[in-house]
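Participant:
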Amino acid sequence: MVADTIKVLDHVCDVSSMPVTDKDVAKTMIVRALKYSGEVDMIIERPMEPQAINMM
């Protein structure tokens with residue numbers, strides 16, 4: 139389930155092999171992929187180091 143996978147501060151870098159630079163574009167791409175095939179592949183970037191988390 140997505141609620142267990144995507145967390146606050148995560149950054150969506152790629153949706154279905156297409157680079158993402160804007161959250162509205164990412165949302166559109168995710169919805170389109172889910173409607174078309176019922177699934178979506180994403181590359182997610184997550185800050186792990188305390189310094190990176192503080193920068194967010």
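Letter 2 of the sequence shown, counting from 1, is numbered 140 in the numbering used here, and no numbers are missing. Where a beta carbon is used, it is the ideal one built from N, C-alpha and C, also for glycine.
Taking only three categories from DSSP, how would you classify I144?
Facilitator: I144 falls in the coil class under three-state DSSP.
Participant: Select from G176, I144, M167, T143 the residue whose C-alpha is nearest the C-alpha of M156.
Facilitator: M167
Participant: Strictly by DSSP, which residues pair up with P157?
Facilitator: D152
Participant: Using only the alpha-carbon positions, how far apart do S154 and L147 sit?
Facilitator: 21 Å
Participant: In or out: G169 buried (at least 16 other Cβ within 10 Å) or exposed?
Facilitator: Rather than Gly, the amino acid found at residue 169 in this sequence is Val. With fewer than 16 Cβ atoms within 10 Å of its Cβ, V169 is classed as exposed.
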